[in-house]
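Remarks on the structure that follows.
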Amino acid sequence: MLTDFLAENKQRFLDELLELLRIPSVSADSSFKNDVRRAAEFVRDKLTAAGLDDAQLHETAGHPIVFAQKLVDPARPTVLVYGHYDVQPADPYELWKTPPFEPTIRNERIYARGACDDKGQFYMHIKALEAMLATDGLPCNVKVMIEGEEEVGSDHLGTFVAGNRELLKADVILISDTSIISNETPSLETGLRGLSYVEVEVTGANRDLHSGVYGGGVANPINVLAKMIASLHDDQGRITIPGFYDKVVDLSEAERAELAKAPFSLDEYKQDLGISDVMGESGYSTNERTSIRPTLDANGIWGGYTGEGAKTVLPSKASAKISMRLVPNQTPEEITDLFTRHFTAIAPAGVTVKVMPHHGGLPYVTPVDSVEFEAASRAFEDAWGKKPIPTRGGGSIPIVALFERELGIKSILMGFGLDTDALHSPNESYGLFNFYKGIETIPYFYKNYAELKQ
Numbered sequence: 016m017l018t019d020f021l022a023e024n025k026q027r028f029l030d031e032l033l034e035l036l037r038i039p040s041v042s043a044d045s046s047f048k049n050d051v052r053r054a055a056e057f058v059r060d061k062l063t064a065a066g067l068d069d070a071q072l073h074e075t076a077g078h079p080i081v082f083a084q085k086l087v088d089p090a091r092p093t094v095l096v097y098g099h100y101d102v103q104p105a106d107p108y109e110l111w112k113t114p115p116f117e118p119t120i121r122n123e124r125i126y127a128r129g130a131c132d133d134k135g136q137f138y139m140h141i142k143a144l145e146a147m148l149a150t151d152g153l154p155c156n157v158k159v160m161i162e163g164e165e166e167v168g169s170d171h172l173g174t175f176v177a178g179n180r181e182l183l184k185a186d187v188i189l190i191s192d193t194s195i196i197s198n199e200t201p202s203l204e205t206g207l208r209g210l211s212y213v214e215v216e217v218t219g220a221n222r223d224l225h226s227g228v229y230g231g232g233v234a235n236p237i238n239v240l241a242k243m244i245a246s247l248h249d250d251q252g253r254i255t256i257p258g259f260y261d262k263v264v265d266l267s268e269a270e271r272a273e274l275a276k277a278p279f280s281l282d283e284y285k286q287d288l289g290i291s292d293v294m295g296e297s298g299y300s301t302n303e304r305t306s307i308r309p310t311l312d313a314n315g316i317w318g319g320y321t322g323e324g325a326k327t328v329l330p331s332k333a334s335a336k337i338s339m340r341l342v343p344n345q346t347p348e349e350i351t352d353l354f355t356r357h358f359t360a361i362a363p364a365g366v367t368v369k370v371m372p373h374h375g376g377l378p379y380v381t382p383v384d385s386v387e388f389e390a391a392s393r394a395f396e397d398a399w400g401k402k403p404i405p406t407r408g409g410g411s412i413p414i415v416a417l418f419e420r421e422l423g424i425k426s427i428l429m430g431f432g433l434d435t436d437a438l439h440s441p442n443e444s445y446g447l448f449n450f451y452k453g454i455e456t457i458p459y460f461y462k463n464y465a466e467l468k469q
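With this note's numbering applied, the sequence shown covers 16 to 469.
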C-alpha cells in the first residue's frame, strides 16, 4: 500500500533531501558552478533510483537541465513536472542562525537555503513518483524537468523548450514552487505576477571626490539616486512612471470579494514581520497589494565607501537593482522600456544614467474551471479533508507563461510552502509537515486526473 510505503520511508526521504540541501547550487555566482552541476547529477541519479526512465542531463549554454520520464500507457494523460535545483545566494551569511548549507532541523522545520525554494518542493514529486511506482502503480504518464537557472531568469530554458517540444509534450504542467495559506487552510494559486528586473547606475564626476573640497558644489550620485528612486512613488503609493498602469485591468468587486475570503490577520502579519504598520497603494488591502497590483521596489543599493571607519568622499558612481512585479496585460519588455525612458528623463543635470535590464517574465492566470484544476483541488481535499481556497500569488515564475506559449498547455501551481518560510532571506525553512504532506497529496492528483480525463 502506498500509505505504508510512505510511512516506512519517511526518514530516508528526509535524509536524501538534507543531502541535496548540502549542495550549494547557487546559480547567480560562477564560483558555485561545479556545485550547481553536482546538484543536477544528484537529481538525475535520484530520478533513476525512483524508477523513472531516460534520466539524463541536457546541456545548455548555462547550467544543465535534468529530464526523466515514465510512459506507462499512451492512452493515459501525461503530466510534466517542473522544478528548479538552483538556489538564491545565501548572503548575508552572518544573519543565518545556522550555516545555510548545513541543513538543521529545529521545531519541526528544515533550515537551509533552498529548503522550500525549490529543493524541498520539487523533491516531494520525486518521492511521490517513487512511492506510486513501488506500490499501487502510476495512473498517468509523467515527464520530469528540473532546471538550474530559475533564480537567474531561466535564460536558456526557452531555447531548450522550443527545441524539444515533442520530448516535453504533455497535457498539463505540475509545479510546486508556491505556497498555501496555512497548514490548516490549504489553497491553490490561480495566478502569478510577472517581473521586470533592472540595474541602474548614476555617474557624476570622473573620480571620487573629497567631500569637503567638492561637497555642495557638484552632484553626489548617491544623493541623486536616492532622490530619483524616492520619486518613483507618489504619496498614495502609486508608481509615477507615465503609462505604467495603462494596461492594468482592475478586478471586479465580486472578484475582489472572492479573494478576500482567504483567512488573513493583519495583526499577525505585522507581528510576524516585526513591523508596527503596513504601507502600499491606497485603496487596496495588504493581500491585494501583494498579489493583484503591480509594484516597484529597490532590491539593493550601493556606492561610495561602506567599510569600517570614515572616508569622506563624494562617489563617482552609485547603483541600484530594482524589480517591478507585473499583473496581467503588462509585459516585461514594455514596462522595462517605460522605466528606462522615465528614469533617464528625471536625471538632473550633472549626472549620467545607465539602465541595464536583467531578466523578466510575463504574469500568468490559470483557469479554475479546468479538469486539471479540479484534479488538484480534489487532491487537497483528499489529503486535508477540506477544499483549497483559490488565491493569487505575488511572486513570479517567468517560465509558466513560456510553457503555455511554446507547449500550448496550462500549468497547475500546486505549492506546499508558507509565506513565513523566508524565501530568498536568511534562515529560509520548510516544515516537515509540509514536506511529508506534499508527498501524500501529489499521488491524489494523479489518481484524480486519470479518472477525470477518461
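For every residue, glycine included, the Cβ atom is placed at its ideal position computed from N, Cα and C. Predicted model only: the values in this text are computed from it and were never measured.
Where residue i falls: helix, strand or coil (DSSP)
i: Ile-141; result: helix
i: Gln-71; result: strand
i: Asn-463; result: helix
i: Leu-110; result: helix
i: Gln-251; result: coil
i: Asp-261; result: coil
i: Val-386; result: helix
i: Met-243; result: helix
i: Ser-226; result: helix
i: Ile-404; result: strand
i: Pro-458; result: helix
i: Gly-453; result: helix
i: Ser-45; result: helix
i: Met-371; result: strand
i: Met-487; result: In this structure the chain extends from 16 to 469, so residue 487 is not present and cannot be described.
i: Ile-316; result: strand
i: His-357; result: helix
Proximity below 7 Å, CB of residue i to CB of residue j
i: Thr-305; j: Ser-211; result: no
i: Ser-194; j: Gly-430; result: yes
i: Pro-403; j: Leu-203; result: yes
i: Leu-110; j: Pro-441; result: yes
i: Tyr-100; j: Val-58; result: yes
i: Leu-17; j: Thr-150; result: yes
i: Val-51; j: Gly-163; result: yes
i: Phe-358; j: Val-370; result: yes
i: Val-365; j: Ala-177; result: Inspection of the sequence shows that residue 365 is occupied by Gly rather than by Val. Contact flag unset, no.
i: Val-342; j: Thr-205; result: no
Nearest residue (CA-CA) to residue i, options the options
i: Leu-447; options: Ala-127, Ala-54 and Leu-428; result: Ala-127
i: Leu-29; options: Glu-283, Asn-198, Ala-325 and Gln-136; result: Gln-136
i: Val-380; options: Tyr-461, Pro-405 and Met-371; result: Pro-405
i: Lys-25; options: Ala-394, Glu-145 and Ile-254; result: Glu-145
i: Leu-35; options: Lys-134, Glu-23 and Asn-463; result: Lys-134
i: Asn-473; options: Gln-469, Lys-462, Tyr-445 and Tyr-461; result: Because the chain in this structure spans residues 16 to 469, residue 473 falls outside the shown range and cannot be described.
i: Ser-294; options: Asp-250, Gly-324 and Pro-330; result: One point to set straight first is that residue 294 is Met, not Ser, in the sequence displayed. Among Asp-250, Gly-324 and Pro-330, the Cα nearest to that of Met-294 is on Asp-250.
i: Asn-344; options: Pro-363, Ala-416 and Gly-315; result: Ala-416
i: Ala-245; options: Asn-449, Arg-356, Ala-313 and Pro-309; result: Ala-313
i: Leu-428; options: Tyr-461, Asp-261, Leu-207 and Asp-282; result: Leu-207
Euclidean distance between Cα positions of residue i and residue j
i: Pro-154; j: Val-87; result: 8 Å
i: Leu-247; j: Ile-361; result: 10 Å
i: Ala-277; j: Val-328; result: 51 Å
i: Gly-258; j: Leu-353; result: 7 Å
i: Thr-435; j: Ala-70; result: 34 Å
i: Thr-200; j: Phe-279; result: 11 Å
i: Ser-46; j: Ala-54; result: 14 Å
i: Ser-300; j: Ala-272; result: 11 Å
i: Leu-67; j: Thr-113; result: 35 Å
i: Val-368; j: Ala-105; result: 30 Å
i: Tyr-284; j: Ala-391; result: 28 Å
i: Lys-85; j: Val-157; result: 5 Å
i: Thr-75; j: His-171; result: 6 Å
i: Asn-49; j: Glu-56; result: 11 Å
i: Tyr-320; j: His-225; result: 12 Å
i: Tyr-464; j: Leu-95; result: 13 Å
i: Gly-318; j: Val-386; result: 52 Å
i: Asp-397; j: Arg-253; result: 42 Å
i: Gln-469; j: Leu-148; result: 21 Å
i: Pro-89; j: Ser-197; result: 38 Å
i: Met-339; j: Asp-19; result: 46 Å
i: Leu-288; j: Asp-60; result: 39 Å
is_contact[residue i, chain D] using C-beta, thresh 7 Å
i: Gly-98; result: Note that chain D does not occur in the displayed structure, where there is just one protein chain.
Proximity test, residue i beta-carbon vs the ligand MG heavy atom, cut-off 6 Å
i: Thr-359; result: This structure does not include the ligand MG; it has no bound ligands of any sort.
At a cut of 8 Å, does the stretch 232 to 242 reach the stretch 324 to 341 through at least three beta carbon pairs?
With a cut-off of 8 Å, the stretch 324 to 341 and the stretch 232 to 242 count as touching, because enough Cβ pairs lie within range.
Evaluate contact between the stretch 375 to 384 and the stretch 409 to 427, counting only Cβ atoms and requiring at least three cross-stretch pairs below 8 Å.
Three or more pairs of CB atoms, one per stretch, sit closer than 8 Å, so the stretch 375 to 384 contacts the stretch 409 to 427.
Evaluate the contact criterion for the stretch 340 to 360 versus the stretch 139 to 150: three or more CB pairs, one atom per stretch, below 8 Å.
By the criterion of at least three beta-carbon pairs nearer than 8 Å, the stretch 340 to 360 is not in contact with the stretch 139 to 150.
Evaluate the contact criterion for the stretch 442 to 462 versus the stretch 186 to 203: three or more CB pairs, one atom per stretch, below 8 Å.
Under the three-pair Cβ rule at 8 Å, the stretch 442 to 462 counts as touching the stretch 186 to 203.
Does the stretch 263 to 281 come within contact of the stretch 217 to 237, defined as at least 3 CB pairs closer than 8 Å?
Taking a cut-off of 8 Å on C-beta distances, the stretch 263 to 281 does not touch the stretch 217 to 237, as fewer than three cross pairs fall below it.
Are the stretch 414 to 426 and the stretch 212 to 226 in contact at 8 Å, needing three or more beta carbon pairs?
Verdict: no, contact absent.
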